[in-house]
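Residue numbers (the working numbering): 49 to 195.
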């Protein structure tokens with residue numbers, strides 16, 4: 049993980065770093081990042097880097113090199129950002145579903161919560177796990193320092 053704030057320069061460094069990775073035999077892994085994941089606070093910066101024609105009057109050479117993905121659940125980590133390669137069959141993050149979600153509701157008049165408390169209760173029962181896959185397919189920054 050890096051500490052660089054999200055900027056055009058830090059994006060270029062992260063992209064080049066990921067694309068330059070090699071295997072144990074020195075062959076390029078050929079990873080091309082395609083998603084820039086940011087919290088809502090960095091949406092403008094991500095769009096400037098990936099969508100804008102010009103940045104500060106200069107042609108944006110990084111336009112279209114990845115797609116911005118704003119993740120509201122990252123709010124509160126307002127300087128963190130992640131560059132991911134998600135175009136391969138193997139992804140940088142894995143989710144394994146062990147038991148499909150089953151939705152349950154306690155809304156009948158004969159349910160104690162409805163009869164006594166006039167409350168409707170809804171829930172879901174599921175099992176799963178998430179984890180990292182290949183670290184080479186993700187670049188992250190907590191955004192605490194300038195590049």
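Using N, Cα and C, we set each Cβ at its ideal position, and we do this for glycine too.
- When the five nearest sequence neighbours on each side are left out, the beta carbons in the same chain lying within less than 6 Å of the beta carbon of residue 89 are those of 126, in order along the chain.
- For residue 161, the enclosing alpha helix (DSSP H) has its first and last residue at 160-165.
- Listed in chain order, the non-local C-beta contacts of residue 143 below 8 Å within the same chain comprise 176, 177, 178, local neighbours out to five positions each way being set aside.
- From the listed residues 146, 60, 71, the smallest Cα separation to residue 97 is found for 60.
- The closest CA to that of residue 81, considering only 184, 192, 193, is found on 184.
- In this chain, residue 136 is not harboured by any beta strand (DSSP E), its DSSP state being neither H nor E.
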